[in-house]
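Student: I am attaching a structure below and will ask some questions about it afterwards.
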Amino acid sequence: GAGVSQSPSNKVTEKGKDVELRCDPISGHTALYWYRQSLGQGLEFLIYFQGNSAPDKSGLPSDRFSAERTGGSVSTLTIQRTQQEDSAVYLCASSIDRVYTEAFFGQGTRLTVV
Amino acid sequence: GQQLNQSPQSMFIQEGEDVSMNCTSSSIFNTWLWYKQDPGEGPVLLIALYKAGELTSNGRLTAQFGITRKDSFLNISASIPSDVGIYFCAGHSGAGSYQLTFGKGTKLSVIP
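Okay, here's the thing in structure tokens:
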């Protein structure tokens, strides 16, 4: 498709389980962002990928969170041993590169930890 | 980390009125972006600003990149019901890290 695609759109998981969230960026976009949005709140930066450079992981809230980007395209955000406070909408965005930073967002994955 | 102060937090206006919201930062930004988010959707990019002093329009929306590079505003003219939503400013400092920093949003309600 033409836009950023995220899957699943909704995920309900039990506390303590691991989850994987997927992001397919816009074709040709070298920069990819993950953000977290809690109910009624703003966007919290998690991690940024740019081409083959080392990712900026400065926003990851704990070592239970990790992300990878394979082949410079698809990205997976993994949350291990999920906690109830991890419940939020996880948003992925991509942009052409680090200069043209107009970031386009997917619709997000709503994660609910029960 | 960097923070953006966005105001107002919320506003209620009559249909047809003009709206203004702004964003300020304690540090210089090289890029300002304005987004609108509808319930259950991801943010949608409205306007991107790359030069200090730049004034850009997109239909009824106008945004400006402040001369000091520490602020930006967004105006909506002749508001309509579909303008309802949350508007976010975002900035990119270009100082080593390329993360986009977001404001906390302005929730706009339009009374028909």
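In order, the protein sequences belong to chains A and B. Just so you know, we're using this note's numbering here: the first sequence kicks off at 164 and counts up by one. Just so you know, we're using this note's numbering here: the second sequence kicks off at 293 and counts up by one. Here a beta-carbon is modelled for each residue, glycine too, at the ideal position from N, C-alpha and C. Note that the structure is predicted; figures quoted are calculated from it, not measured.
#1: In whole angstroms, give me the CA-to-CA distance for residue 329/B and residue 336/B.
#2: I'd like to know if the segment 172-191 of chain A and the segment 239-255 of chain A are in contact, where contact means that at least 3 CB-CB pairs between them fall below 8 Å.
#3: Within 10 angstroms of the Cβ of residue 275/A, are there 16 or more other Cβ atoms? Answer buried if so, exposed if not.
#4: Determine the closest residue to residue 347/B out of 399/B, 371/B, 326/B and 333/B, with distance taken between C-alpha atoms.
#5: Are the beta-carbon atoms belonging to residue 313/B and residue 300/B less than 8 Å from one another?
#6: At what residue ranges does the segment 293-321 of chain B contain a whole run of the beta strand (DSSP E), taking only runs of 3 or more?
#7: Measuring CA to CA, which of 206/A, 268/A, 218/A and 210/A is closest to residue 188/A?
#8: Straight-line CA distance for residue 195/A to residue 340/B?
#9: Name the two residues that bound the continuous beta strand (DSSP E) containing residue 384/B.
#10: Would you say residue 333/B faces chain A, with C-beta separation under 8 Å as the test?
#11: Give the residues from the segment 246-267 of chain A that approach chain B closer than 7 Å (Cβ to any Cβ), ordered along the chain.
#12: Compare the C-alpha of residue 354/B against each of 319/B, 393/B and 367/B and name the closest.
#13: Which same chain residues end up closer than 8 Å to residue 365/B when comparing Cβ atoms and leaving out the 5 residues on each side of it in sequence?
#14: Which complete beta strand (DSSP E) runs does the segment 169-243 of chain A hold, if anything under 3 residues is left out?
Tutor: In brief:
#1: Position 37 of the second sequence holds residue 329/B. Position 44 of the second sequence holds residue 336/B. Whole-angstrom Cα-Cα distance: 6 Å.
#2: yes
#3: By one-based count along the first sequence, residue 275/A stands at place 112. Label assigned to residue 275/A: exposed.
#4: Locating residue 347/B in the second sequence gives position 55, counting from the first residue. Checking every option, the nearest Cα to that of residue 347/B belongs to 326/B.
#5: In the second sequence, counting from the first residue as 1, residue 313/B sits at position 21. In the second sequence, counting from the first residue as 1, residue 300/B sits at position 8. Their beta carbons are under 8 Å apart, which means residue 313/B touches residue 300/B by this criterion.
#6: Scanning the segment 293-321 of chain B from its first residue to its last, the whole beta strand (DSSP E) runs of 3-plus residues come out as 296-299, 302-306 and 311-317.
#7: As a first step, residue 188/A is located in the first sequence; it is residue number 25 there, counting from the start. Comparing Cα-Cα distances from residue 188/A to each of 206/A, 268/A, 218/A and 210/A, the minimum goes to 268/A.
#8: For the purposes of this step, residue 195/A is taken as residue 32 along the first sequence, with counting starting at 1. For the purposes of this step, residue 340/B is taken as residue 48 along the second sequence, with counting starting at 1. Taking the CA atoms as reference points, residue 195/A sits about 18 Å from residue 340/B.
#9: Walking along the second sequence from the start, residue 384/B turns up at place 92. Per DSSP, residue 384/B belongs to the beta strand (DSSP E) from 377-384.
#10: By 1-based counting over the second sequence, the position of residue 333/B is 41. Taking Cβ atoms only, chain A reaches closer than 8 Å to residue 333/B, which makes this a yes.
#11: 254, 261, 264, 265, 266 and 267
#12: Translated into positions along the second sequence, residue 354/B becomes position 62. Taking each of 319/B, 393/B and 367/B in turn and checking the Cα distance to residue 354/B, the smallest one comes out for 367/B.
#13: As a first step, residue 365/B is located in the second sequence; it is residue number 73 there, counting from the start. The answer, listed in chain order, is 312, 313, 314, 315, 355, 356 and 358.
#14: 173-176, 182-187, 194-200, 207-213, 228-232 and 238-242
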